[in-house]
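Participant:
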Amino acid sequence: MRTALTLVFASMLMVGVHAQIPSVSWTRSLGGSASDAGHFIHQLPDKSFFMAANSNYADGQLGNTTGPANGEVVFMGLDSLGQMQWGNRTGALGTVRIMHGEVMADGNYVFTGSIYDAGQEVPDWEGDEDLWIVKVSASGAVIWERSYAGMVDQDDLGIHVAARPEGGCFVSGYRGYNDWDVWVIALDGDGNEIWARTYGGSTIDIGQTIVATADGGALLGAWTGSTDGDVSTPLHGEYDGWLVKLDASGNIEWDRTYGGSEVDQFQEILPLSDGGFLVLGASNSATGDITGSNGSGDVWLMRVNASGTILWSHSYGGSRSDTPWDIIPYAGNYLIAGVTSSNDGDVSVSYHLPGGTPWGDDGWLLLVSPNGELLWEKSIGGSGADYLYGLAPTDDGFVTTGVSYSTDHFVPGNVADGDIWTVRFDSKSTLLAGTLYHDADNSGSLDANDPRVSGRLVALSSNGEMALSQPNGRYLFAVNGPAQHILTGPTITHYDRDPDTHSVSITGNEPGLSGFDFRYTSGPPAQDLQVFLTPISPFRPGFPVRYDVLCRNVGTMTMEASLSLVLDEGLGLDSASATPGSIIGNTITWDLGAMLPLQNIQLSVYCTQSVADTLGSPVISTAEITPISGDLVPEDNMATTINQVVGSYDPNDILVDPTEMDADEVAEAVLDYTIRFQNTGTDTAFTVAVENILPANVDLFSFEYIGASHPVELMYYDFDRKMRFQFNNILLPDSNTNETLSHGFIRYRIKPSSSLVVGDSVLNAAAIFFDLNAPVITNTAITTVTTTTSVTRPVGPVQLSLHPNPTNGAIFVRTSSHLLGGELLVRDAIGRTVLSDRIGSAEQALDLSALSSGHYILVVRHGGVMHHRALIKQ
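Just add 16 to wherever you are in the sequence shown, counting from 1, and you've got our numbering.
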């Protein structure tokens, strides 16, 4: 029997570590009352940032910007943490929009885009947008601006700007006549035109990107539908990417088309040290120059030599549309920013909601090697649409900016419509790793037979970060150098930790350092068993009910343990995940066998709620792990849950125990949270994720993972104190197919901040994501600090009885002397306190005449321990 139980009760704890390379340092949203979008960002020597964005109104978070009120481009200064310091709007000459920006040779900035109504009377919806170029200082002051107009009632646009090494810039875009031609303008540092040329054929040609070359000329990246004029090579499909090498006067030296059978276009060009180029684009093709197509639209990257010959070509993405916007050199590789609508292929995680508001996209980051190998990718964003437009290196990583319509996941909030969204990442070059283990044989070192300690947090004090130990006891941090880092292992009751901390000095050139283990040895002999009883499903007459029971040996001694579960009289046992040793009435017992120190045993119990029970009836079940005699903390050998029979209910919720605590209990209090979820959809849920931002007034380092209904990966995001519980491939059936198995839960404990005082509350809520559906937001679990009373913890057996019960008026409460001075509460079927008093004598009367007929719970709380009895008022 014991051998079978060892297999059946195998712990379900499967906790992973969030990949921390790269890791989010901070994320910020800025916005006014209409849509705003970041297009350019650059880090200054003092580690602050210069940003350029399109913005509609000077209000909201952008209300303190200076300049013309109708200026629709804003230049901003952000501090090193992304907080806005100043803003200067421009647009006095007309309504302006920027498309791209660049740092000039003199340290100032140049931008291009469009301007309309610049001294004209033609509104933009009738055309006549002009190409616009503006040069600004690092303080956002306009140095000069120029506009270039094509034909009347035609749109002209500057799309890309490239700084010229000798000063000035090249601008590429289009001129709106003859079905749009590529337009390139060369200017000196003072904004004077050197030359302007158009290129193309008889159909549409767009100058999407341009880069200066060492010979004083430029390489133009465009897309074309022409087969004549300046286009000298055949098209592969409907539209092709088009590279055009220009000399210093704008004359064509060579040109070539690239692509497949569909629509392909270029977005960015990055010059390489060997004279060649990386060319970034978007492709809908799967033939010709395109290799490895993933779906309807891919990120396309190819490397060409100085003559335009393809050295390699790769596609990245999933089955839906994926589009790049920017590329920079990064750590010897190349970093791409863009947008993805996919959730498959090369895209590992999706946060957006298909058909959401207003669209469904995530920002997407890709790191590729010099030969085009995808090294890593990362989706960031929220449930709405999110786009990354600009990238820039920083002193310790990189920063990206764009626009977000989301309010969750990686997005801290939304003012209105689209907001300027900026995310900074730390590039951490060195991995620090170690193992948490119990040195059971006292050998002084880690060996294969030593039990690993999982689900515990290790602190990195130098960065204020934490990492969770995996099932194999391993933890991992990614850090920067040169620096001195301090690692602190978790405290485990009854166990000695060796060492308390690791001090690690790194240069930043080390790829990885390991061996920073924390060895735990048994202190004085300690008997300490624990049991946790978690009701997963609601209690509805005639419906199935599921309990999860977790037994833990947190002591230092191997214990022959037994478990008993006393079900409420209204519950009938159906089955259990392990065969009971005995069933006598509503009492079920199991022989757990020899529980080793730090061993967990978990099982599920399935019942049915009686159809005879009325709504509001209490459901009280108790689990007990034995032996209790000799246990150092006998209170946690028993767990009692009190619930009510319900009709309609919300199956996705968060519960906390306790809901109240005296001020003198705060220092020793522990908040026990359970987050429950159910698939009430119409099909199986393949992935469930629960996001829980830990309250600001709890002790983060005291976090203790208790358990979950299914194997779970836990990720911790430092930038906003968020725990993400990810159930991959959970295959959670819908409630119509299998009501019993459609439920799941997470349970953890954490200590409140010791600074809480009377009147303070700890508020906690969670967001639950079923596949790609909109998040379900739970209720808010509240724990309130109440008035302190001078009481002592009871010793010896507790007596608590009520008579008469049921009653139609007064009831007598009989208690043991240990409970004198304790708090007496009467709570209704939905948990509200409707009556309160103090225990003043061993037997006292309680007047219930003012209460309506129904079911109630009488609670006596003394010294942090709560005792409950069911009560019926007739």
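Every residue gets a Cβ at the ideal spot worked out from N, C-alpha and C, and that includes glycine.
If you're wondering where the values come from, they're calculated on a predicted model, not measured in any experiment.
Using 8 Å as the threshold, is the C-beta distance between P768 and A685 below it?
Facilitator: Your numbering for residue 768 matches position 752 in the sequence shown. Your numbering for residue 685 matches position 669 in the sequence shown. Yes, these two residues count as a Cβ contact at 8 Å.
Participant: Could you check which residue in N349, L381, G348, A592 has the C-alpha nearest to that of I315?
Facilitator: Position 299 of the sequence shown, counting from 1, holds the residue named residue 315. Per the sequence shown, the amino acid found at residue 315 is Val instead of Ile. Per the Cα distances, L381.
Participant: For G775, which residues in the same chain have their Cβ closer than 7 Å to its Cβ, ignoring the five residues on either side in sequence?
Facilitator: Walking along the sequence shown from the start, residue 775 turns up at place 759. Cβ within range, chain order: V801.
Participant: Once DSSP output is grouped into helix, strand and coil, what is the label at T808?
Facilitator: Position 792 of the sequence shown, counting from 1, holds the residue named residue 808. With a pLDDT of 38 at T808, under the threshold of 50, the predicted position of this residue should be treated as unreliable, though the coordinate-derived value follows. In this structure, DSSP gives T808 a state outside helix and strand, which the three-state scheme calls coil.
Participant: Work out the CA separation of V876 and H726 for me, nearest whole Å.
Facilitator: To locate residue 726, count along the sequence shown from 1; it is residue 710. To locate residue 876, count along the sequence shown from 1; it is residue 860. Distance between the alpha carbons of H726 and V876 is about 35 Å.
Participant: Determine contact between the segment 547–556 and the segment 645–658, defined as no fewer than three beta-carbon pairs at a distance below 8 Å.
Facilitator: Flag = yes, the segment 547–556 and the segment 645–658 touch.
Participant: By Cβ distance below 6 Å, which residues in the same chain neighbour M120 in space, the five residues on each side in sequence not counted?
Facilitator: In the sequence shown, the residue the question calls residue 120 occupies position 104. The answer, listed in chain order, is V126, A179.
Participant: Closer than 7 Å by C-beta to V649: which residues in its own chain qualify, once you throw out the five before and the five after it? Chain order, please.
Facilitator: Start at 1 with the first residue of the sequence shown, and residue 649 comes out as number 633. Excluding sequence neighbours, V649 sits near D544.
Participant: Which value, in whole angstroms, describes the spacing of the CA atoms of R319 and L327?
Facilitator: Stepping through the sequence shown from its first residue, residue 319 is reached at position 303. Stepping through the sequence shown from its first residue, residue 327 is reached at position 311. Their Cα atoms are separated by approximately 5 Å.
Participant: What does the Cβ neighbour count give for N891, buried or exposed, with the cut at 16 atoms within 10 Å?
Facilitator: Any property of residue 891 remains undetermined from this structure, which presents the chain solely from 17 to 890.
Participant: Counting only the same chain and skipping the five closest in sequence on each side, list residues whose C-beta sits under 6 Å from that of L874.
Facilitator: Counted from its first residue, the sequence shown places residue 874 at position 858. So the qualifying residues of the chain are V842, R885, L887.
Participant: Check whether the segment 393–411 and the segment 454–468 touch, using three or more Cβ-Cβ pairs below 8 Å as the test.
Facilitator: no
Participant: If you reduce the DSSP assignment to three classes, tell me which class N744 lands in.
Facilitator: Numbered from 1 along the sequence shown, position 728 holds the residue referred to as residue 744. In the structure shown, N744 sits in coil (DSSP, three-state: anything other than H, G, I, E or B).
Participant: Tell me the start and end of each unbroken beta strand (DSSP E) in the segment 446–479 that is at least 3 residues and wholly inside, in chain order.
Facilitator: 446–454, 473–476
Participant: Per DSSP, W148 forms a beta bridge with which residues?
Facilitator: One-based indexing of the sequence shown puts residue 148 at position 132. Paired residues: G129, S163.
Participant: What are the boundary residues of the beta strand (DSSP E) that includes K261?
Facilitator: As a working note, residue 261 is residue 245 in the sequence shown. Where K261 is concerned, the enclosing beta strand (DSSP E) stretches over 256–262.
Participant: Grouping DSSP H, G and I as helix and E and B as strand, with all else coil, what is G135?
Facilitator: Start at 1 with the first residue of the sequence shown, and residue 135 comes out as number 119. For G135, the predicted model reports a pLDDT of 49, less than 50, meaning its position is unreliable; a value from the coordinates is still stated below. DSSP places G135 in coil when its eight states are reduced to three.
Participant: Any idea what DSSP makes of G143, helix, strand or coil?
Facilitator: By 1-based counting over the sequence shown, the position of residue 143 is 127. Caution is warranted here: a pLDDT of 47 is assigned to G143, below 50, making its placement in the model unreliable, and the coordinate value is therefore given only provisionally. Annotated three-state conformation of G143 is coil, per DSSP.
Participant: In whole angstroms, what is the alpha-carbon distance linking G372 and R213?
Facilitator: Within the sequence shown, the letter at position 356 stands for residue 372. Within the sequence shown, the letter at position 197 stands for residue 213. Bear in mind that the predicted position of G372 carries a pLDDT of just 43, short of 50, making it unreliable; the figure below should be weighed with that in mind. Between the alpha carbons of G372 and R213 lies a gap of roughly 43 Å.
Participant: Under a Cβ-count criterion, where at least 16 other Cβ atoms within 10 Å of its own Cβ denotes burial, should A577 be classed as buried or exposed?
Facilitator: Against the sequence shown, residue 577 aligns to sequence position 561. A577 comes out buried.
Participant: Going by beta-carbon coordinates alone, are W199 and L262 separated by less than 8 Å?
Facilitator: Translated into positions along the sequence shown, residue 199 becomes position 183. Translated into positions along the sequence shown, residue 262 becomes position 246. In this structure, L262 does not lie closer than 8 Å to W199 by Cβ.
Participant: CB Q224 to CB A234, shorter than 8 Å?
Facilitator: Position 208 of the sequence shown, counting from 1, holds the residue named residue 224. Position 218 of the sequence shown, counting from 1, holds the residue named residue 234. No, Cβ-Cβ distance for Q224 and A234 is not below 8 Å.
Participant: Do you know whose CA, among G697, I636, Y764, lies nearest I691's CA?
Facilitator: For this step, residue 691 is matched to residue 675 along the sequence shown. Ranking the options by Cα distance to I691, first place goes to Y764.
Participant: Would you decide whether P634 is buried or exposed? Buried here means 16 or more other CB atoms lie within 10 Å of its CB.
Facilitator: Taking the first residue of the sequence shown as 1, we reach residue 634 at position 618. Buried.
Participant: At a cut of 8 Å, does the segment 507–525 reach the segment 732–750 through at least three beta carbon pairs?
Facilitator: no
Participant: Going by beta-carbon coordinates alone, are S163 and I114 separated by less than 8 Å?
Facilitator: Residue 163 sits at position 147 when you count from the first residue of the sequence shown. Residue 114 sits at position 98 when you count from the first residue of the sequence shown. Result no, Cβ atoms of S163 and I114 do not sit closer than 8 Å.
Participant: For P650, name the three-state secondary structure that DSSP assigns.
Facilitator: As a working note, residue 650 is residue 634 in the sequence shown. In this structure, P650 counts as helix in the three-state DSSP scheme.
Participant: Mapping the DSSP letters down to three states, classify V875 as helix, strand or coil.
Facilitator: By 1-based counting over the sequence shown, the position of residue 875 is 859. Reduced to three states, the DSSP call for V875 is strand.
Participant: Note down, one range per segment and in chain order, each beta strand (DSSP E) of at least 3 residues found wholly within the segment 239–315.
Facilitator: Uninterrupted beta strand (DSSP E) stretches at least 3 residues long and entirely within the segment 239–315 occur at 256–262, 268–274, 280–287, 293–299, given in chain order.
Participant: Skipping 5 residues on each side, what residues in its chain have a beta carbon closer than 8 Å to that of G48?
Facilitator: Reading the sequence shown from its first residue, position 32 is the one you call residue 48. Contacts found: S71, N72, Y73, A74, D75, G76, Q77, L78, G79, V431, A432.
Participant: Please give me, in chain order, every unbroken run of the beta strand (DSSP E) with length at least 3 that falls completely inside the segment 736–782.
Facilitator: 738–743, 759–768, 777–780
Participant: Looking at the structure shown, is S188 part of a helix, part of a strand, or coil, going by DSSP?
Facilitator: As a working mapping, residue 188 is identified with position 172 in the sequence shown. Looking at S188 - three-state DSSP - the assignment turns out to be strand.
Participant: May I ask you to list the residues that DSSP assigns as paired with F786?
Facilitator: Within the sequence shown, the letter at position 770 stands for residue 786. In the DSSP output, where bridge partners are listed per residue, F786 has V704.
Participant: Where does N668 land, buried or exposed, given buried means 16+ other C-beta within 10 angstroms?
Facilitator: Here residue 668 refers to the residue found at position 652 when the sequence shown is read from its first residue. Under this definition N668 is a buried residue.
Participant: Exposed or buried, Q283, counting other C-beta atoms within 10 Å across all chains shown (16 or more means buried)?
Facilitator: As a first step, residue 283 is located in the sequence shown; it is residue number 267 there, counting from the start. Q283 is buried by the Cβ-count criterion.
Participant: At the level of alpha carbons, what is the spacing between S443 and S852?
Facilitator: Here residue 443 refers to the residue found at position 427 of the sequence shown. Here residue 852 refers to the residue found at position 836 of the sequence shown. S443 and S852 have their C-alpha atoms spaced approximately 56 Å apart.
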